[in-house]
Amino acid sequence: MSYLIYQVCTRMNVTIESFFHKQSSTISYVVFDNRSLKAMVIDAALDFDLSSGDIGYQFADSLIHYIDSHHLDVDWILETHAHADHLSAAQYLKQKLGAKVATGKYITQVQQHFTEVFNLTTPTDGSQFCHLFEDGEVFYLGEEAVTVMFTPGHTPDSVTYIVDRNAFVGDTLFMPDSGTARCDFPGGDASQLYHSIQRIFELGNDTHLYMCHDYQPNGREVSVVTSVEAQKQYNVHLKNGVSQHDYVKTRESRDAGLAVPKLIHPSIQVNINAGHFPDAEANGTRYLKIPLSFI
């Protein structure tokens, strides 16, 4: 299986390479400082077949191949939140690259909820991650500063990573023709998302916004990046002039009719655990749970 290396963007001191995981419509990124070749990977996905339980690493290996071929030194493997639509490749990449796995500190809230849902013994203090970011925290890729901004609403742990006027927004926003993220997951809140998006808009009209997903409405080509200005003008849910009241009403009405993501059960169990799979049971097999609902 081949994977699309979709777009290279170089802005001043930073290069951004995007990779499209067609199975989950996820966009993963390798971002590096051109001077030091220090790099970070954002929202890397595993291949996973729900019907068979097969785990694959071809997509993750395509990231590693790019990293190796460009002689990059990866310091960080980052998650924008605990995804409900794909399994994280964080631990596989950590094993291969030796980098630190990190996310926002409110992953603990998501862990606390879902360990109860799945009756797990997973720690709920975030200790599976190498680092938990604070709002406004800054770290460095070589000489290039990266700022972490909390952008909850889709989930309580959602964060945006900002480097060289590029913002990696996770599921907070989609391309303007797809609108904004759903807010009906545990801890989600449409009013909170409205304010988070306003924080993103305050980064400035020329800030590039990199998507975590693109669902290609009307069959258009994959798009990975837009701008604050384009979102303000064209976002179908929250362009200029839409009030908080009207946005929340629209968002909650849409969310009421959305289906449960088909990979939410396996992905959440892995992703709240920083990409670790459950321990093998006595027969040597690892299992993921599906809670049953009886009416």
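Numbering-wise (the working numbering), the sequence shown opens with residue 1465 and increments by one. Where a beta carbon is used, it is the ideal one built from N, C-alpha and C, also for glycine. Bear in mind that the values here come from a model prediction, so they are computed numbers and not experimental data.
Per-residue DSSP class, three states only, for residue 1701: Assignment of residue 1701 by DSSP, reduced to helix, strand and coil, places it in the coil class.
Do residue 1613 and residue 1687 have their C-beta atoms within less than 9 Å of each other? It is not a contact, given that the beta carbons lie outside the stated cut-off.
Inter-residue CB distance, residue 1593 and residue 1738 (contact presumed, cutoff 8 Å): Indeed they touch by this definition, with Cβ atoms about 5 Å apart.
Buried versus exposed call for residue 1597 [16 or more other C-beta atoms within 10 Å across all chains shown]: Flag for residue 1597 reads buried.
Where does residue 1580 sit, in a helix, a strand or coil, going by DSSP? DSSP, reduced to helix, strand and coil, places residue 1580 within a helical segment of the structure shown.
Do three or more CB pairs link the segment 1495–1513 to the segment 1684–1699 at distances below 8 Å? Output reads no: the segment 1684–1699 does not touch the segment 1495–1513.
The beta strand (DSSP E) enclosing residue 1674, as first and last residue numbers: Annotation for residue 1674: the continuous beta strand (DSSP E) segment containing it runs 1672–1674.
Counting C-beta neighbours from all protein chains within 10 Å, is the total for residue 1573 16 or more, i.e. buried, or is it exposed? Counting other Cβ atoms within 10 Å of its Cβ, residue 1573 reaches 16 or more and is therefore classed as buried.
Below 7 Å CB to CB, which residues in the same chain sit around residue 1470 once its five sequence neighbours on both sides are set aside? The predicted position of residue 1470 is uncertain, since its pLDDT is 49 and thus under 50; a value taken from the coordinates is nonetheless stated next. Here the set comprises 1482, 1483, 1484, 1686 and 1688.
Beta carbon of residue 1727, beta carbon of residue 1512: below 9 Å? Taking 9 Å as the Cβ cut-off, residue 1727 and residue 1512 qualify as a contacting pair.
Spatial neighbours of residue 1532 within its chain, please: CB distance less than 8 Å, with the 5 preceding and 5 following residues excluded, ordered by chain position. Correct list: empty, nothing qualifies.
Can you tell me which of the three DSSP states residue 1523 falls into? Residue state for residue 1523 is assigned as helix, using DSSP reduced to three classes.
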